[in-house]
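A.B. asks:
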Amino acid sequence: MSVDHRELLDVASAAADAAAAILGERFGRPAAGVTTKSSATDMVSEADRAAEAAILAVLTRERPTDGILGEEGTDRAGSTGVRWIVDPLDGTTNYLWGYPHWAVSVAAHDERGPLVGVVLDVCRGERYAAARGAGATRNGVPLVLAPPRMLDSALVATGFNYDAAERRRQGSVVQRIIPLVRDVRRAGACALDLAWVADGRVDAYFERGVQAWDWAAGVLLVSEAGGAWRAIDPSPPRPAGICAAHPDMLDAVLELFEGDA
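Positions 374 to 634 (the numbering used here) are the ones given, in order, by the sequence shown.
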C-alpha cells in the first residue's frame, strides 16, 4: 500500500500539538495523579495519560486503521502496515519538577522502520520533523549534523536507567569516560537527545534502558540529517539501548560506552 509521507507528517504534527496543548497548560502546576511503574524513579502522571489520550484521539480520527503503540498503555493492532509509536511526555521527571526539558514524540513506522517522526520541544518552541528520504528540519529549517570529531573533542549525551543496579553501572561508565571526551551531558529526555544529535548540539548519544517510544521519532531525525544510529541488543541483565552519532564516529562511541562490558 502506498503511503503519503506528507500526510503522515501532518498527522504526526497535529497529534503532537494536541498533546502539547495539554502539557503546556499544566506545566508548572502541582502534579496530579502521580504513580510509579517499573521502579520508584519511573513515574507517570495524569498529564502523561491525558496527553496520550489526546494523541490517540487525533490518530483514531485521521488514521483509524493504523496500529498504535503508546508508552502509557495504548497497544492497538492495525491493518495498513503503518504503526504509530508515541511518547506523550518524554522527560516526565523533568516535567514534574518544573525543569523545562521535555518533549512530545510521535512517529509512524512500517516494516522497513521509521516513516515519519516529530519531536516537539514545547518549552523552547522547537518542532523537529522528518520523513523518510525527505530530510529533517527544526521549525522548517534543514538540520545540519555536526562534523565528525575525535572523541576527546566530542560532547556526548547519555541517560540513566530506572533500575538501580543498571544506574550504578552507568554511573561508573560515565566516571570512566569523562576524561576521554570533551564532556558528558545527561538531560533526561531521549527524544531530545537524539534530536540534538541531528541538530549538531551534541556529537553523540548512547543509552541503555530506552524503549521504542523513546527513540522511534528521534532516530529518523538522526538518519535524515545524515547521521547514523544503531539499536543495541539486550544482554541480560542489561537492557537494550540506542546509539547515535556521525557515521564516522558511531563505532568509536559504541566502544567508548561498551568497552568494559
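In this text, a Cβ means the ideal position worked out from N, Cα and C, and glycines have one as well. Everything numeric in this text was worked out from a predicted model, so none of it was measured.
Could you tell me whether the Cβ atoms of Ala476 and Val491 are closer together than 7 Å?
C.D. replies: Going by C-beta atoms, Ala476 is not nearer than 7 Å to Val491.
A.B. asks: Looking only at its chain, what residues have a beta carbon closer than 7 Å to the beta carbon of Ala625, apart from the 5 residues adjacent to it on each side?
C.D. replies: So the qualifying residues of the chain are Leu524.
A.B. asks: What residues match up with Arg558 in a beta bridge as DSSP calls it?
C.D. replies: Answer is Ala530, bridged to Arg558.
A.B. asks: With distances taken Cα to Cα, identify the nearest neighbour of Glu380 among Ala426, Cys496, Ala502.
C.D. replies: Out of Ala426, Cys496, Ala502, Ala502 has the C-alpha closest to the C-alpha of Glu380.
A.B. asks: Are the Cβ atoms of Ala480 and Ala589 separated by less than 7 Å?
C.D. replies: Yes, these two residues count as a Cβ contact at 7 Å.
A.B. asks: Return the residue from the list Pro609, Ala568, Arg555 that minimises the CA-CA distance to Arg581.
C.D. replies: Ranking Pro609, Ala568, Arg555 by Cα distance to Arg581 puts Pro609 first.
A.B. asks: Taking the DSSP output, what are the residues bridged to Gly443?
C.D. replies: According to DSSP, Gly443 bridges with Val459.
A.B. asks: Report all residues from its chain with a CB closer than 8 Å to the CB of Arg434; omit the five preceding and five following residues, and keep chain order.
C.D. replies: Taken in chain order, the list of residues that qualify is empty.
A.B. asks: Measure the beta-carbon distance from Ala430 to Leu518 and round it to whole angstroms, keeping in mind my assumption that it falls under 8 Å.
C.D. replies: Their Cβ separation, rounded to whole angstroms, is 35 Å, which puts Ala430 and Leu518 out of contact at 8 Å.
A.B. asks: With 16 as the cutoff for other CB atoms within 10 Å, does Arg541 come out buried or exposed?
C.D. replies: Answer is exposed; the Cβ neighbour count stays below 16.
A.B. asks: With 16 other CB atoms within 10 Å as the buried threshold, where does Trp569 fall?
C.D. replies: Trp569 is buried by the Cβ-count criterion.
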